[in-house]
Amino acid sequence: MEQARPTILSMRHITKEFPGVRALDDVSLEVATGTIHAICGENGAGKSTLMKVLSGVYPHGSFDGEIVYRGERVAFSRINDSERAGIVIIHQELALIPELSIAENIFLGNEPRGVLGIDWDTVRGRSRELLARVGLDEDPDTQIKNIGVGKQQLVEIAKALEKDVRLLILDEPTAALNEGDSQHLLDLLVGLRSKGVTSIMISHKLNEIEAVSDAITIIRDGKAIETLDIRDGAVDEDRIIRGMVGRTLGNRFPDRAGHAGEVFFEVRDWTVQHPLTAERLVAKQSSFTVRRGEVVGFAGLMGAGRTELAMSIFGRQYGTWLGGTIVKDGKEIQLRSVSEAIANGIAYVSEDRKALGLNLLDSIKRSIVSAKLGKIARGGVVDALAEAKVAEEYRQALRIKAPTVEMGVDTLSGGNQQKVVLSKWMFTDPDLLILDEPTRGIDVGAKTEIYQIVRELADAGKGVILISSELPELLGLADRIYTIFEGRITGEIRAADADQETLMRRMAPTKGDAA
Amino acid sequence: MTNDVQERRGFRASDLSMLAGKKGSLKEFGILGALVVIVVAFQIATEGTTLSSNNLINIIQSQSYILILAVGMVMVIIAGHIDLSVGSVAAFVGVVVAIAMNDWGLPWFVTILIGLGLGVLVGAWQGFWVAFIGVPAFIVTLAGMLMFRGLNQIIGQSRGIPVDREFVNLLAGYLPEVGPFTGYNNLTLLLGALAVVAVVVLELRGRAKRVRLGAAVPPMWVAVTRLALVAIVIIAAALLFASGREGTSFPNAGILFVLIALAYAFVTRNTSLGRHVYAVGGNRRAAELSGVRSRWVDFFVMANMSVLASVAGMLWIARAQASGPADGGGWELDAIAAVFIGGAAVAGGIGTVAGSIIGGLVMAVLTNGLFAIGVGSDWIPVIKGLVLLIAVAIDVINKQQGRFSFIGLMLRGLRRGRSNDLS
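Taken in order, these protein sequences are the chains called A and B. For the first sequence, position 170 matches number 181 in this note's numbering, and the numbering has no gaps at all. For the second sequence, position 289 matches number 555 in this note's numbering, and the numbering has no gaps at all.
Below, the structure is given as structure tokens:
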């Protein structure tokens, strides 16, 4: 209705070059005061670089173009300068210190002074107020390591509020959050907007962008492609995706072949104890089956025990195994270590690519063969030619975007790293692949490709377990879905018969029962 | 199959890099360049004595044990650990071997076996604490440094214990003079020739295999030029080492070192075990989830280090012709310095045997050359310390900036200054 909202930020003709790469090419961005402005684009498009330019991580002078903030030209040399001006950036990897308390983290580097050092009463009191503002019901003295990622994200925002933030920048704020926590966070942003805080949100989750943001700027290959006004409702997900990838994607999910074979993998009464707390069970008599050629989805809130169940099956890599059996091809098998799991044709693609999936110091080639070196080694000596050949085959088959397989995996985008991890596990010739959040933090184009790979694996007769927090992904890709709540399997449903609502009810049954 | 082979014609600038072989990394190039610069500088400053036969023989003879320690240490550091005990372990093994010879009268070859066995035991002890109890290697080997130093002095009663002549001749001696009189040590020349043949055969076999499997091969002229360069270096070295004082040759200790270096370079580059060491150092949890038994990798690198320390200890008592209470003092630091100058990362996961050896040679030539031009022994550690600091600093800056250049560094400083003026 009111087009003449004042502009809080305008970045004009920003060009940023790294040796050999132009990360940003004449990008301009206008953000209106009191709005939520989304920025999207595929990984590597330049979104994070743009935000680093804005916040002073890349100091003034290291890029071309100008930044006008609240009517003035600004030149930030370091991140402290931009924070003093009320611009706070919350990175994807949270910058909290796990061993310190919530209150200590909020005031870190900004501690109010009393007569005798830090004035702890003020710290606690103000923390309590800030926590109330972000809707986090926790004692300020709780250590960060004892609260979940969703709550940590809220602490980051409280910390930003403490700095009197006017422009809040969030880099993929909900990437690691489950649906409930995401919703809470988005509501909070909307609440802050009504109090005059402007937010810039980098996100891959188009439904969230559509739900809360006022405008969206699409960045592709270092250029700002377009800025769309979302409030008029004429912009839908397909429109955004078209802008991001520069073409229309067909159906995002491949067709199901629908000819699942016989049950070949079965877990019965699987019970696992938490590694630290003996009375806590992370899996309670869980039983499920997987057929050949079938994609089996696992839905559950964060902390429901999906990853724990998967990792405990994969060679008892989580918690203490208390009971339960695994039957594969009609025979009971023991998987006491990762090597045994791999030898029995089980592969596990971790949800945390960088911490658990890859050695970031390795090349593509070395990563791909790393889980089954024996296949290309004779007498313990690796056959370098066979290795290069195998890696090259996977590079082409999975369309890993890299000039050669000698490239370090750290130079790849998230989507391509994930393809390397998938190659690594496909190389182990698995019968069952457990994919834990395989598309987390991956751009739309690469997601579609990964869906295609998953479907092809199933069509090749392998069983796939798909753990995902994105319900549309489960509904679109899986044939059958199990729901998990607090370590217990609460239901099993054919994907064709399910929708997001039915899944949510089984993922959080107490809430469902109350409603 | 063979029509996939791309035998390109014509010259490209990028081909030059292939002369270094497919695995030559920029990092090793950098440190190798530094070594060449240092050697040339001292060669000029000492008016030709640095590269004289006798001096080279002396450097190899006096540094082989440190270089052997560096080979073990780089694996420890790649796996993300450290070993502070190597000097004390060497001294402990040395005193036991000397006593076995001197007091118990055992023949030298039996005492060598005892020494190696002791190395295995000490290594298993330290490896056990690191791998299976989970005590950080820094602490385990700090304890080992104290304990084995003490044990050396308890067992040897802090005295010098002489060792047998045969033992000295084997481990600190030279190749015998055989064959016709040529003015050179014939066996050294023969070794040089064998090395050239081995390099040529390996290169051609590798090339043939690549062709057979349809992989791309570098143009023939690159291979020939590379082989010619390598052969010239080997032959020049052989002639130099063979033309020393009457009765000298490429030292036996040097031969042992070269064999160990080749073996470990092969293990780290080409075997599953080597891959596992890098994997554990690069990302322990990811390695475990790929089926690597990380504890056994820890155990192996620690145990292996102590075995190599026992070899170093035996080389030392042969060279000193006796075991003493102060043997091996500071060796751990020389070995660690060599590894880091050679490009290894403190956090683990990165490092090479070749780089560490070059790093060790940089330190060795530096010490040798500084002595030769009359720098006092009080100043030498100061200079070595600075070299270590600067070498690692360049590495760190490289990693942050992509490529190191003083000019870039200066310009960036200026730019930042300018932007501050504006704001």
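Glycine included, C-beta positions come from ideal geometry on N, C-alpha and C. These figures come from a predicted structure and were not determined experimentally.
When the distance is taken between beta carbons, is GLY625/B closer than 9 Å to GLY346/B?
Along the second sequence, one-based indexing puts residue 346/B at 80. Along the second sequence, one-based indexing puts residue 625/B at 359. No.
Could you name the residues of chain B that GLY368/A contacts, counting a contact when the two beta carbons are closer than 7 Å?
Within the first sequence, numbered from 1, the residue matching residue 368/A stands at position 357. ALA552, listed in chain order.
Can you tell me which of GLY540/B, THR448/B, ASN452/B and LEU298/B puts its alpha carbon nearest to the alpha carbon of GLY391/A?
The sequence position of residue 391/A within the first sequence is 380, counting from 1. Per the Cα distances, GLY540/B.
Spatial neighbours of GLU167/A within its chain, please: CB distance less than 8 Å, with the 5 preceding and 5 following residues excluded, ordered by chain position.
On the first sequence, position 156 is the one that residue 167/A refers to. Closer than 8 Å at the Cβ level, and outside the excluded window around GLU167/A, lie ILE101, LEU105, ALA106 and LEU107.
If you check the beta carbons only, do SER622/B and VAL363/B fall under 9 Å apart?
Position 356 of the second sequence, counted from the start, is the residue given in the question as residue 622/B. Position 97 of the second sequence, counted from the start, is the residue given in the question as residue 363/B. Judged by beta-carbon spacing, VAL363/B lies beyond the 9 Å limit of SER622/B, meaning their Cβ atoms are not closer than that value.
What are the boundary residues of the beta strand (DSSP E) that ASP75/A is part of?
As a working note, residue 75/A is residue 64 in the first sequence. Taken as a continuous stretch (DSSP letters only), the beta strand (DSSP E) holding ASP75/A covers 75 to 80.
Around the Cβ of ILE639/B, are there at least 16 other Cβ atoms within 10 angstroms (buried) or fewer (exposed)?
Here the question's residue 639/B lines up with position 373 in the second sequence. Its Cβ having fewer than 16 others within 10 Å, ILE639/B is exposed.
Which of helix, strand or coil does DSSP assign to ILE25/A?
Here residue 25/A is taken as the residue at index 14 of the first sequence, counted from 1. Under the three-state reduction of DSSP output, ILE25/A falls in the strand class.
Could you check the C-alpha separation between LEU369/A and ALA553/B for me, to the nearest Å?
Locating residue 369/A in the first sequence gives position 358, where the first residue counts as 1. Locating residue 553/B in the second sequence gives position 287, where the first residue counts as 1. Using only the alpha carbons, I get a separation of about 8 Å.
Per DSSP, which one or two residues make a beta bridge with THR491/B?
If you number the second sequence from 1, residue 491/B lands on position 225. For THR491/B, which the question treats as bridged, DSSP gives no partner whatsoever.
Which residues, in chain order, does the region 205 to 216 of chain A contribute to contact with chain B at a C-beta distance below 9 Å?
In summary, no residue of the region 205 to 216 of chain A has a CB separated from any CB of chain B by less than 9 Å.
Quick one: give me the first and last residue of the alpha helix (DSSP H) that ALA354/A is part of.
As a working mapping, residue 354/A is identified with position 343 in the first sequence. That run of the alpha helix (DSSP H) goes 349 to 354.
Between the alpha carbons of SER88/A and TYR69/A, how many angstroms are there, rounded?
Translated into positions along the first sequence, residue 88/A becomes position 77. Translated into positions along the first sequence, residue 69/A becomes position 58. Approximately 8 Å, taken between the alpha carbons.
Which same chain residues, not among the five before or five after GLY311/A, have their C-beta less than 7 Å away from its C-beta?
As a position in the first sequence, residue 311/A is number 300, starting the count at 1. Same-chain partners within the cutoff: ARG317, THR494, ILE495, PHE496 and MET518.
Quick one: does ILE616/B have its CB under 9 Å from some CB of chain A?
For the purposes of this step, residue 616/B is taken as residue 350 along the second sequence, with counting starting at 1. With 9 Å as the cut-off, ILE616/B counts as an interface residue toward chain A.
With respect to 8 Å, is the separation between the Cβ of LEU444/A and the closest non-hydrogen atom of the ligand ATP below this value?
Annotation note on the ligand ATP: not contained in the displayed structure, which lists no ligands.
Pick helix, strand or coil for ARG415/B, following the three-state DSSP scheme.
Locating residue 415/B in the second sequence gives position 149, counting from the first residue. In the structure shown, ARG415/B sits in a helix (DSSP, three-state: H, G or I).
Ignore the nearest five residues each way along the sequence and tell me which others in LEU493/B's own chain have a CB closer than 8 Å to its CB.
Taking the first residue of the second sequence as 1, we reach residue 493/B at position 227. Here the set comprises VAL465, VAL466 and GLU469.
Identify, in the order they occur along the chain, each residue of the same chain with its Cβ nearer than 7 Å to the Cβ of MET255/A, setting aside the five sequence neighbours on each side.
On the first sequence, residue 255/A is found 244 positions in, with the first residue counted as 1. Same-chain partners within the cutoff: CYS51, GLY52, GLU53, ILE229, ARG231 and VAL455.
Taking all protein chains shown into account, do 16 or more other C-beta atoms lie within 10 angstroms of the C-beta of MET339/B, making it buried, or fewer, making it exposed?
By one-based count along the second sequence, residue 339/B stands at place 73. That one is buried.
Taking its Cβ as the centre, do 16 or more other Cβ atoms sit within 10 Å of ARG451/A, making it buried, or is it exposed?
Here residue 451/A refers to the residue found at position 440 of the first sequence. Label assigned to ARG451/A: buried.
Would GLN164/A and ILE155/A qualify as a contact pair, given that the criterion is a beta-carbon distance under 9 Å?
Along the first sequence, read from residue 1 onward, the residue named residue 164/A stands at position 153. Along the first sequence, read from residue 1 onward, the residue named residue 155/A stands at position 144. Against a cut-off of 9 Å, the Cβ pair of ILE155/A and GLN164/A comes out as no contact.
Going by DSSP, what residues sit across from MET215/B in a beta bridge?
Because chain B in this structure spans residues 267 to 689, residue 215/B falls outside the shown range and cannot be described.
In chain order, which alpha helix (DSSP H) runs of at least 4 residues are fully inside the region 231 to 282 of chain A?
248 to 256
Any contact of the region 441 to 459 of chain B with the region 390 to 410 of chain B, i.e. 3+ C-beta pairs under 8 Å?
The answer is no - the region 390 to 410 of chain B does not touch the region 441 to 459 of chain B, with fewer than three Cβ pairs under 8 Å.
Taking contact to mean 3 or more Cβ pairs, one atom from each stretch, closer than 8 Å, check whether the region 354 to 372 of chain A and the region 427 to 434 of chain A are in contact.
yes
Does any residue of chain B bring its CB to less than 9 Å from the CB of LYS400/A?
Against the first sequence, residue 400/A aligns to sequence position 389. Yes, LYS400/A lies at the interface with chain B (some Cβ there is under 9 Å from its Cβ).
On the DSSP bridge assignment, give the partners of TYR359/A in chain order.
Numbered from 1 along the first sequence, position 348 holds the residue referred to as residue 359/A. BP columns for TYR359/A point to ILE445/A.
Using a C-beta to C-beta distance shorter than 8 Å, which residues of chain A count as neighbours of SER622/B?
Indexing the second sequence from 1 puts residue 622/B at position 356. The contacting residues do not exist; SER622/B stays about 17 Å from chain A at best.
Tell me whether the beta-carbon of ALA96/A lies closer than 9 Å to the beta-carbon of TYR80/A.
If you number the first sequence from 1, residue 96/A lands on position 85. If you number the first sequence from 1, residue 80/A lands on position 69. Taking 9 Å as the Cβ cut-off, ALA96/A and TYR80/A qualify as a contacting pair.
Using a C-beta cutoff of 9 Å, does GLY287/B count as contacting chain A?
Residue mapping note: residue 287/B aligns to position 21 of the second sequence, counting from 1. Only weak support is given to the placement of GLY287/B: the predicted model assigns it a pLDDT of 45, under 50, and the value that follows is read from those uncertain coordinates. False, the Cβ-Cβ gap to chain A never drops below 9 Å.
I'd like the list of long-range same chain contacts for THR300/A, defined as Cβ closer than 6 Å, with 5 residues on each side in sequence excluded.
Walking along the first sequence from the start, residue 300/A turns up at place 289. Excluding sequence neighbours, THR300/A sits near VAL274 and GLU277.
For the alpha helix (DSSP H) holding SER622/B, just list the boundary residues, first then last.
By 1-based counting over the second sequence, the position of residue 622/B is 356. That run of the alpha helix (DSSP H) goes 619 to 638.
Are any of the Cβ atoms in chain B nearer than 9 Å to that of ARG377/A?
Counting from 1 along the first sequence, the entry for residue 377/A is found at position 366. Taking Cβ atoms only, chain B reaches closer than 9 Å to ARG377/A, which makes this a yes.
From this set, MET322/A, THR238/A, ALA245/A and ILE375/A, which residue's C-alpha is nearest GLY419/A's C-alpha?
Locating residue 419/A in the first sequence gives position 408, counting from the first residue. Ranking the options by Cα distance to GLY419/A, first place goes to ILE375/A.
Pair every Cβ in the region 350 to 358 of chain B with every Cβ in the region 570 to 586 of chain B, then say whether three or more of these pairs are closer than 8 Å.
Output reads yes: the region 570 to 586 of chain B touches the region 350 to 358 of chain B.
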